[in-house]
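Data first, discussion second: the structure below is written as structure tokens.
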Amino acid sequence: MKAYQPLLEKYGRQASTYDRRWNLRWGHATMRETISAIPWADADRLLDVGCGTGLLEAAVSSRLRGSTVLVGVDICAPMLQQARRNIPDQTHVALTNAPAEQLPFADQTFNVVICNNSFHYYQHPEMVLAEFRRVLCPSGRLILTDWSSDFPGPRIIYWVLRLAAHAGFSRYSLKHCYTARELDAMLVAAGFHVATARKVAMDLGWGITVVQARA
Amino acid sequence: MAIHPDLLEILVCPVDKAALSLKADGSGLKCQQCHRVYPVKDDIPVMLVDEATIEVS
Numbered sequence: 001m002k003a004y005q006p007l008l009e010k011y012g013r014q015a016s017t018y019d020r021r022w023n024l025r026w027g028h029a030t031m032r033e034t035i036s037a038i039p040w041a042d043a044d045r046l047l048d049v050g051c052g053t054g055l056l057e058a059a060v061s062s063r064l065r066g067s068t069v070l071v072g073v074d075i076c077a078p079m080l081q082q083a084r085r086n087i088p089d090q091t092h093v094a095l096t097n098a099p100a101e102q103l104p105f106a107d108q109t110f111n112v113v114i115c116n117n118s119f120h121y122y123q124h125p126e127m128v129l130a131e132f133r134r135v136l137c138p139s140g141r142l143i144l145t146d147w148s149s150d151f152p153g154p155r156i157i158y159w160v161l162r163l164a165a166h167a168g169f170s171r172y173s174l175k176h177c178y179t180a181r182e183l184d185a186m187l188v189a190a191g192f193h194v195a196t197a198r199k200v201a202m203d204l205g206w207g208i209t210v211v212q213a214r215a
Numbered sequence: 216m217a218i219h220p221d222l223l224e225i226l227v228c229p230v231d232k233a234a235l236s237l238k239a240d241g242s243g244l245k246c247q248q249c250h251r252v253y254p255v256k257d258d259i260p261v262m263l264v265d266e267a268t269i270e271v272s
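Note that the protein sequences, when read in sequence, are chains A and B. For the first sequence, the residue numbers in this note's numbering are 1 to 215. For the second sequence, the residue numbers in this note's numbering are 216 to 272.
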């Protein structure tokens, strides 16, 4: 997991200020798209990979009922500690520290896997998708929302960050910012059946892809 | 606050996917097969293979 060292250092430092800096504009809008794509009626075991500061958990915790459990996973421990502070009701929410490439769950444990706004970081995206499919029940759903290279905003930010890392200004390294078509092809290659892949435009040229896929 | 009971039920060893047992003092989760112990920090299980120790006994 050495490939994640720059990311761990960055987010370890920024955990307490991250929400103020990044989540106000696009973070919340992206999360709302993800939440509206979740098949809540069929969801009693949900896994959120790359949960960060628990933005999504905090937004939905009060609507979780009965035996429903939502597990938030992140590779960065300080982000999870921030999540613990951010989530008001943790009756149905649990957190654990793990990499997306090696999830600590048995096969077919969840009926929904959520990946909100983190897929561009994953250094081994094929492994991550294989893990998502492994831990999903046969008819389980993946909701994957991420920056989209189909829009100028994410495309520009991605190249600026890449150039900065390449020139040595920053050690911060995203893996890739995908187009909707690229995401679709990767999901199909991983064995998913893509039900919908929606491009959602936001302000200032930003945009995301929201994918619903069946395991 | 302790580890969420539902999480304890579904967590497995990330290496061999075997069952885990919570150590008596709550400090870690031990794999019954490979004897790796995953630490629990601030009630959050750290399921990172690099952070696990091996305890045979």
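All C-beta atoms, glycine included, are put in the ideal place defined by N, C-alpha and C. Remember, predicted model here, so these are calculated numbers, not experimental data.
Problem set entry | Outcome for residue 132 of chain A when other beta-carbon atoms lying within 10 angstroms are tallied against a minimum of 16 | Answer is buried; the Cβ neighbour count reaches 16.
For this session: For residue 176 of chain A, collect the residues of the same chain with a Cβ closer than 7 Å to its Cβ; drop the 5 residues on either side in sequence, then sort them by chain order.
Result: These residues qualify, in order along the chain: 120.
Problem set entry | Secondary structure of residue 97 of chain A, DSSP reduced to three states | Looking at residue 97 of chain A - three-state DSSP - the assignment turns out to be strand.
For this session: Could you work out which residues of chain A lie near residue 265 of chain B, taking near to mean beta carbons separated by less than 7 Å?
Result: Ordered by position in chain A, the residues that pass the 7 Å Cβ test against residue 265 of chain B are 1.
Exercise. Under 8 Å between C-beta atoms, does residue 231 of chain B make it to chain A?
Worked result: No, residue 231 of chain B does not count as interfacial toward chain A.
For this session: List the endpoints of the continuous beta strand (DSSP E) containing residue 256 of chain B.
Result: Residues 251-256.
Exercise. In terms of residue numbering, what span does the alpha helix (DSSP H) encompassing residue 184 of chain A cover?
Worked result: That run of the alpha helix (DSSP H) goes 180-189.
Exercise. Just to confirm, are residue 209 of chain A and residue 197 of chain A a CB contact at a threshold of 8 Å?
Worked result: Yes, the pair counts as a contact, with Cβ atoms nearer than the cut-off.
Problem set entry | Local Cβ density within 10 Å of residue 284 of chain A, reported as buried at 16 or more and exposed below that | Because chain A is modelled from 1 through 215, residue 284 of chain A falls outside the range shown and cannot be assessed.
Problem set entry | Classification of residue 204 of chain A by the beta-carbon crowding that lies within 10 angstroms, buried from 16 upward | With fewer than 16 other Cβ atoms within 10 Å, it is exposed.
Exercise. Looking at C-beta atoms only, is the number of pairs between the segment 42-54 of chain A and the segment 74-90 of chain A that lie closer than 8 Å three or more?
Worked result: Below 8 Å, enough C-beta pairs join the segment 42-54 of chain A and the segment 74-90 of chain A to call them touching: three or more.
Exercise. When the Cα of residue 264 of chain B is compared with those of B/246, B/258 and B/257, which residue comes out closest?
Worked result: Cα-wise, what sits closest to residue 264 of chain B is B/246.
Exercise. The beta strand (DSSP E) with residue 213 of chain A in it runs from where to where?
Worked result: Membership of residue 213 of chain A in the beta strand (DSSP E) is indicated by the continuous run 207-214.
Exercise. Is the beta carbon of residue 11 of chain A less than 8 Å from the beta carbon of residue 79 of chain A?
Worked result: With contacts defined by Cβ atoms closer than 8 Å, residue 11 of chain A and residue 79 of chain A form a contacting pair.
Exercise. Once you ignore the five residues that flank residue 29 of chain A on each side, which residues in its own chain have a CB closer than 6 Å to its CB?
Worked result: Closer than 6 Å at the Cβ level, and outside the excluded window around residue 29 of chain A, lie 202.
Exercise. Does any heavy atom of the ligand GDP sit closer than 7 Å to the C-beta of residue 120 of chain A?
Worked result: What this structure holds is no ligand at all, so the ligand GDP is not there to describe.
For this session: Can you pull the chain B residues whose beta carbon is under 9 Å from the beta carbon of residue 105 of chain A, in chain order?
Result: Result: 225, 226, 227, 229 and 232.
For this session: Could you work out which residue in A/126, A/166, A/185 and A/139 is closest to residue 45 of chain A when comparing CA atoms only?
Result: When each option's Cα is compared against that of residue 45 of chain A, the closest is A/139.
Exercise. Just curious, the beta strand (DSSP E) that residue 141 of chain A is in, first and last residue?
Worked result: Counting along the chain, the beta strand (DSSP E) containing residue 141 of chain A begins and ends at 136-147.
Problem set entry | Nearest residue (CA-CA) to residue 124 of chain A, options A/190, A/152 and A/42 | In terms of CA proximity to residue 124 of chain A, A/190 leads the group A/190, A/152 and A/42.
Problem set entry | Start-to-end residues for the beta strand (DSSP E) that takes in residue 71 of chain A | 69-74 is the extent of the beta strand (DSSP E) around residue 71 of chain A.
Exercise. The segment 126-154 of chain A: which residues have C-beta closer than 9 Å to a C-beta of chain B, in chain order?
Worked result: Within the segment 126-154 of chain A, no residue qualifies.
For this session: Please say whether residue 135 of chain A and residue 183 of chain A have beta carbons closer to each other than 8 Å?
Result: 8 Å or more divides the Cβ of residue 183 of chain A from the Cβ of residue 135 of chain A.
Exercise. Out of A/56, A/95, A/112 and A/34, which has the shortest C-alpha to C-alpha gap to residue 261 of chain B?
Worked result: Relative to residue 261 of chain B, the option among A/56, A/95, A/112 and A/34 whose CA is nearest is A/95.
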